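Undergrad:
Numbering (my numbering), first residue to last: 14 to 273.
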């Protein structure tokens, strides 16, 4: 009996992959040229860079004109120094910061600073107006209608001179007592044509006559005009009679007193 053996045939399995074949068909490579808009933008950026480089080295951006309006007391140099504008690049000038610095000065009530191009700075000021020259402890001060003391910088016309005998230490920015201020302003408005006015906290205002004797005027502003009229009448009366008094007291204008 013959035994026949068969060889097993191996089945070939095929596997399909999900990757498609890569086509190696040559394609054209396109190079995009910059558009006019992009070229214009690049030109602007380049121009700005050149401008900033130029401005950093150009003397015109450090030494620029500064126009100041309303400046009567301080002077241009004092204002520039206060703002720190001397040879300072205009791109770094902070107008609001400059305004705050100026408003810290006692003499300035309002300030506005504007920066414009070509390089230029404009400063608009509203200063306090001195009406009285106040002397205390050998130092002179300006005094405005609000009673604010300011540093004395130079002589000014039409200021009423008042010598303070109280010995009070005064600093710029201090304020005069309201009642004292009202009396001082009234004396200024009445226009004292002779002598020198002194102030003492106990006696009030005292007019030193050209002949040397004191005239006590007091402190009440509402009575100041009547007191001056009483003084003038009594002064003329004594002058006609050749009397040179030691003092005159008109604090009660209806009953003035004198001593000789």
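Beta carbons: idealized from backbone N, C-alpha and C, even for Gly.
Keep in mind the model is a prediction, meaning the values are calculated, not measured.
Span of the beta strand (DSSP E) holding residue 189?
TA: In the chain shown, residue 189 corresponds to position 176, counting from 1. Where residue 189 is concerned, there is no enclosing beta strand (DSSP E), given that its DSSP letter is neither H nor E.
Undergrad: Counting only the same chain and skipping the five closest in sequence on each side, list residues whose C-beta sits under 8 Å from that of residue 242.
TA: Against the chain shown, residue 242 aligns to sequence position 229. Closer than 8 Å at Cβ, skipping near neighbours: 266.
Undergrad: Taking only the alpha-carbon atoms, compute the straight-line gap between residue 147 and residue 131 and give it to the nearest angstrom.
TA: Here residue 147 refers to the residue found at position 134 when the chain shown is read from its first residue. Here residue 131 refers to the residue found at position 118 when the chain shown is read from its first residue. When rounded, the distance between both Cα atoms is 45 Å.
Undergrad: Looking only at DSSP bridge pairs, what is residue 173 linked to?
TA: Taking the chain shown and counting its residues from 1, one reaches residue 173 at position 160. Residue 173 pairs with 145.
Undergrad: Return the residue from the list 214, 158 and 167 that minimises the CA-CA distance to residue 194.
TA: Position 181 of the chain shown, counting from 1, holds the residue named residue 194. When only C-alpha atoms are compared, the closest one is 158.
Undergrad: For residue 222, tell me which candidate among 207, 81, 230 and 151 has the shortest Cα-Cα distance.
TA: As a position in the chain shown, residue 222 is number 209, starting the count at 1. Closest by alpha carbon: 207.
Undergrad: Please classify residue 86: does DSSP put it in a helix, a strand, or coil?
TA: For the purposes of this step, residue 86 is identified with residue 73 of the chain shown, where counting begins at 1. Residue 86: coil per DSSP, three-state reduction.
Undergrad: With C-beta atoms as the reference, is residue 261 less than 8 Å away from residue 250?
TA: Taking the chain shown and counting its residues from 1, one reaches residue 261 at position 248. Taking the chain shown and counting its residues from 1, one reaches residue 250 at position 237. Taking 8 Å as the Cβ cut-off, residue 261 and residue 250 do not qualify as a contacting pair.
Undergrad: Report the rounded CA-to-CA distance for residue 214 versus residue 85, giving the unit in angstroms.
TA: For the purposes of this step, residue 214 is taken as the residue at position 201 of the chain shown. For the purposes of this step, residue 85 is taken as the residue at position 72 of the chain shown. So the alpha carbons of these two residues sit roughly 32 Å apart.
Undergrad: If we require 4 or more residues per run, which alpha helix (DSSP H) segments fall completely within the stretch 185-258?
TA: Complete alpha helix (DSSP H) runs here, min 4: 191-203 and 237-253.
Undergrad: Determine the direct distance from the alpha carbon of residue 140 to that of residue 66, and round the result to whole angstroms.
TA: For the purposes of this step, residue 66 is taken as the residue at position 53 of the chain shown. For the purposes of this step, residue 140 is taken as the residue at position 127 of the chain shown. Note that residue 66 scores a pLDDT of 46, beneath 50, so its modelled location is shaky; the value from the coordinates is reported in the next line. Cα to Cα, residue 66 sits roughly 39 Å from residue 140.
Undergrad: Consult DSSP for residue 158 and reduce its assignment to one of helix, strand or coil.
TA: Residue 158 sits at position 145 when you count from the first residue of the chain shown. Of the three classes helix, strand and coil, the one that applies to residue 158 here is coil, per DSSP.
Undergrad: Considering only residues of the same chain and omitting the five flanking positions on each side of residue 165, which have a CB-CB separation below 6 Å?
TA: Translated into positions along the chain shown, residue 165 becomes position 152. Once the five neighbours on either side are set aside, the close Cβ partners of residue 165 are 153, 154 and 155.
Undergrad: Taking the alpha-carbon positions, what's the residue 253 to residue 118 distance?
TA: What you label residue 253 is simply residue 240 of the chain shown in a count that begins at 1. What you label residue 118 is simply residue 105 of the chain shown in a count that begins at 1. If you take the alpha carbons of residue 253 and residue 118, they lie about 52 Å apart.
Undergrad: Among 90, 149, 228 and 170, which has the Cα closest to the Cα of residue 183?
TA: Taking the chain shown and counting its residues from 1, the one referred to as residue 183 is at position 170. Checking every option, the nearest Cα to that of residue 183 belongs to 149.
Undergrad: Does DSSP put residue 265 in a helix, in a strand, or in coil?
TA: Residue 265 sits at position 252 when you count from the first residue of the chain shown. In this structure, residue 265 counts as coil in the three-state DSSP scheme.
Undergrad: Could you work out which residue in 211, 91, 137 and 198 is closest to residue 176 when comparing CA atoms only?
TA: Position 163 of the chain shown holds residue 176. Here the closest residue by C-alpha is 211.
Undergrad: What do you get for residue 174, buried or exposed, if any count of 16 or more other CB atoms within 10 angstroms of its CB means buried?
TA: Taking the chain shown and counting its residues from 1, one reaches residue 174 at position 161. Under this definition residue 174 is an exposed residue.
Undergrad: If you drop the 5 nearest sequence neighbours on each side, which residues of the same chain put their C-beta closer than 6 Å to that of residue 231?
TA: Numbered from 1 along the chain shown, position 218 holds the residue referred to as residue 231. These residues qualify, in order along the chain: 217 and 264.
Undergrad: Mapping the DSSP letters down to three states, classify residue 66 as helix, strand or coil.
TA: Taking the chain shown and counting its residues from 1, one reaches residue 66 at position 53. Note on residue 66: pLDDT 46, under 50, position unreliable in the model; the coordinate value appears next. It is helical.
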